[in-house]
Structures are given as C-alpha cells and as structure tokens.
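Chemist: Can you read through this structure? Questions will come right after.
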Amino acid sequence: MSVTVRVPAKVNVQLAVGAARPDGFHDLANVFLAVGLHDEVTVTPADGLRVTCAGPDAGQVPLDRTNLAARAAIALAERHGLEPDVHLHIAKDIPVAGGMAGGSADGAGALLACDALWGTGASRAELLDICAELGSDVPFSLVGGAALGTGRGEKLRPLDVGGTFSWVFAMAERGLSTPAVFREFDRLTAGLDVPEPVASEALLDALAEGDPDALAAAVSNDLQPAALSLFPELADTLAAGSAAGALAGLVSGSGPTTAFLARDPGSAAKIADALRASGTCRAVRTASGPVPGATVMGA
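Each residue of the sequence shown is one higher than the last, beginning at 1 in the UniProt record's numbering.
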C-alpha cells in the first residue's frame, strides 16, 4: 500500500521580524496564506528509508536524511517505536529555495502520509508538535488556510478570510538561503532598535473582509531589504510586476520568489504575461488562496 498527501505552498502577507534571540532564532509575527501550488508526497513501505524527487528543480532537493520529509518520517517512527522503512517520493511543483515553504510542505506531507500508512493514530496536537520540531514553517504547511504565526512562526492562530485572493509568483534565476537572509537582516539592523513584531490589524481586517485593495495597502516583509541586498536583481522583478498593474508586490518570505497581489484571476493572468515578457525572472505561476493544508489524497 502507498499513501499520497497533497500539501500547499505559502505566501507571507506579513512578515514582521524581531531582533535575534539568544538561541539565534527571531521572534516573528508571520501572517501565512496557503496558495494553490502543491507538492505531493507519496510514501510506500520499503526495506529502508529512501527519498526520490521529480519535477521542476528536483535536482536541487537533497535526497538524504537532511530532507525534511525524511526527518519527518524518522521523528514519527521514533515516537512510536517503529523503523522509518519507507520510500518517500516527492512530486515537486513548489519552487525550491524560493521562500514559499516547499521543504516545509514536504515535511508536513511526509508526516501525515506516514501517520496514515503506519496507522500510528497520532493526534493533531502530536503532529503539530513534531512539525514545530522540524521547522518554523512546517506547522502551517500541515494546517493551511490562513494563520498568524508567532514565536519563531510555529505557534499558530487560525485567521478568518472573507474571500479568495489572486496571486502571481515570479521565480528567480537562483535560490536564496533562509539562514543567509536572516544573517543579512541581522547585519542591516545591527545597532538599531528593532521593534517587537506584531501583526497589523489593518492587514487582518483586510483578510477577514476579503478586500484585495486593503490587503495590498497592508502587506509587508521585514526580510525584503535583506533579500534585496543579497539579490539586487529582485528589484527589477518587483518593478516589472508593479508596472504590469499588480496591486502590491513583495518578496515572499526569505525569497527569492516575488509575489504579486492581483485584483482577480483575469488581472493575474495579464500580470503573469507581462512578467514573462519582462526578462526579469525564470518562470511565472498564478495561484489563489487560501487553500487547505496537507490533505491525504489516496491510499
């Protein structure tokens, strides 16, 4: 038997970042929105732990035990006295190293799939606890929808969303390391008074009302200056999206994918065409959100 789980990408409509903590992490106010770009993780019993991957940029995905999908399988197996003897196959469609939580999605997908395959009967609380151990974005990949993440992003509060938002995502020519972007944030803010991160009430209201204009006025990303410092060409992509009529544009998470909010699906298609023609990015995708989190598709 095999189990397949579908799991979405995310865009950060707000990413407020506090100063570095003694443990090296940063407190965040991270407003996540799950969007309709998905990876699928299929788990099958095997003689040992094995990871394979197919799809765009699959060659950049680690296939050893550092892969979050592998780490998820190991973590669940250890808690239930099992051996993680599974073949994990990742059908990749979320950009790799793109700031859209592709690796985190694979971790959440593998966790849910292994739970179903092994019949461990893990509670939602246990699954979320394992997710938090794996990484800051992994719990949201399991939950999906929209949520405010605090702490280092792993403490989630679901948010009401009053409609569907249309997005355009421009993939860059190369990736960015999340740790490197945070290090650059620390360098850029050294000696400055970095405020405590708090969620924008205007942004939360815009989500609840389903108002794209109000959301466009409120989106923000404190990591964007650091991403632009390491990858200056992203400014050209942001300018191209703005010129094409996007309501707002920002770097998604730690980047380098740039995200553009559109008024509706038709506007998103026009912005996507303009970005493709601009020569400022490698590929362009459209998607809408919110969408559900990790979901078992079949067994």
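Note that beta-carbon positions come from the ideal geometry of N, C-alpha and C, so glycine has one too. For clarity, every value in this text was computed on a predicted model and none was experimentally measured.
Measuring alpha carbon to alpha carbon, tell me which residue in A262, L228 and Q60 is nearest D211.
Modeler: With distances taken between Cα atoms, D211 lies closest to A262.
Chemist: In this structure, what does DSSP give as the bridge partners for F260?
Modeler: The partner list for F260 (beta bridge, DSSP) reads V168 and G249.
Chemist: Grouping DSSP H, G and I as helix and E and B as strand, with all else coil, what is G279?
Modeler: Coil at G279, not helix or strand.
Chemist: For Q14, list the residues DSSP reports as bridge partners.
Modeler: According to DSSP, Q14 bridges with V31 and S220.
Chemist: Where does P290 sit, in a helix, a strand or coil, going by DSSP?
Modeler: Coil at P290, not helix or strand.
Chemist: Using only the alpha-carbon positions, how far apart do V161 and E126 sit?
Modeler: Going from the Cα of V161 to the Cα of E126 covers about 26 Å.
Chemist: Around the C-beta of P95, are 16 or more other C-beta atoms found within 10 angstroms, so that it is buried, or is it exposed?
Modeler: By the 10 Å Cβ count, P95 comes out buried.
Chemist: Determine contact between the region 20 to 38 and the region 183 to 200, defined as no fewer than three beta-carbon pairs at a distance below 8 Å.
Modeler: Counting Cβ pairs under 8 Å, three or more are found: they touch.
Chemist: Around the C-beta of D222, are 16 or more other C-beta atoms found within 10 angstroms, so that it is buried, or is it exposed?
Modeler: Answer is buried; the Cβ neighbour count reaches 16.
Chemist: Would you check if the distance between the CB atom of V35 and the CB atom of V296 is smaller than 9 Å?
Modeler: Against a cut-off of 9 Å, the Cβ pair of V296 and V35 comes out as no contact.
Chemist: Report back the beta-carbon spacing between S104 and V138 to the nearest angstrom; my notes put them in contact at under 8 Å.
Modeler: At roughly 4 Å, the Cβ-Cβ gap stays under 8 Å, so S104 and V138 are in contact.
Chemist: Could you work out which residue in G249, P232 and G245 is closest to S220 when comparing CA atoms only?
Modeler: If we check each option's Cα against that of S220, G249 comes out closest.
Chemist: Under 8 Å: do the region 170 to 177 and the region 229 to 247 share three or more Cβ pairs, one atom per stretch?
Modeler: Flag = yes, the region 170 to 177 and the region 229 to 247 touch.
Chemist: Ends of the beta strand (DSSP E) at P158?
Modeler: Here the beta strand (DSSP E) through P158 covers K155 to P158.
Chemist: Taking Cβ positions only, does N67 come closer than 9 Å to chain D?
Modeler: Checking the listed chains, one finds no chain D in this structure; it contains a single protein chain.
Chemist: Do the CB positions of A108 and G55 come within less than 9 Å of each other?
Modeler: Contact: no.
Chemist: Which class does I94 belong to by DSSP, given the choice of helix, strand or coil?
Modeler: I94: coil per DSSP, three-state reduction.
Chemist: In this structure, does DSSP put A227 in helix, strand or coil?
Modeler: Of the three classes helix, strand and coil, the one that applies to A227 here is helix, per DSSP.
Chemist: My output table needs one value for E40: the three-state DSSP class, helix, strand or coil.
Modeler: Note: E40 maps to strand in three-state DSSP.
Chemist: Looking at the structure shown, is P8 part of a helix, part of a strand, or coil, going by DSSP?
Modeler: Of the three classes helix, strand and coil, the one that applies to P8 here is strand, per DSSP.
Chemist: Does the Cβ of S267 have 16 or more other Cβ atoms within 10 Å, making it buried, or fewer, making it exposed?
Modeler: Buried, by the Cβ-count rule.
Chemist: For the alpha helix (DSSP H) that contains T237, what are its first and last residues?
Modeler: Counting along the chain, the alpha helix (DSSP H) containing T237 begins and ends at L234 to A243.
Chemist: Report the option in G153, S2, V3 and Q14 whose CA atom is closest to the CA atom of L207.
Modeler: The shortest C-alpha separation from L207 is found at Q14.
Chemist: State whether the region 112 to 125 contacts the region 70 to 88, with contact taken as three or more CB pairs (one from each stretch) at a distance under 8 Å.
Modeler: Result yes; three or more Cβ-Cβ pairs closer than 8 Å.
Chemist: What are the start and end residues of the beta strand (DSSP E) that includes R50?
Modeler: Counting along the chain, the beta strand (DSSP E) containing R50 begins and ends at R50 to A54.
Chemist: Would you be able to state if there are at least three C-beta pairs under 8 Å between the region 270 to 288 and the region 240 to 260?
Modeler: As far as the Cβ criterion goes, the region 240 to 260 touches the region 270 to 288, which means the pair count is three or higher.
Chemist: If you follow the beta strand (DSSP E) that T178 is part of, which residue opens it and which one closes it?
Modeler: Unbroken run through T178 is the alpha helix (DSSP H), T178 to L188; no beta strand (DSSP E).
Chemist: If you check the beta carbons only, do V141 and P8 fall under 9 Å apart?
Modeler: The identity of residue 141 in the sequence shown is Ser, whereas the question assumes Val. Cβ atoms of S141 and P8: closer than 9 Å.
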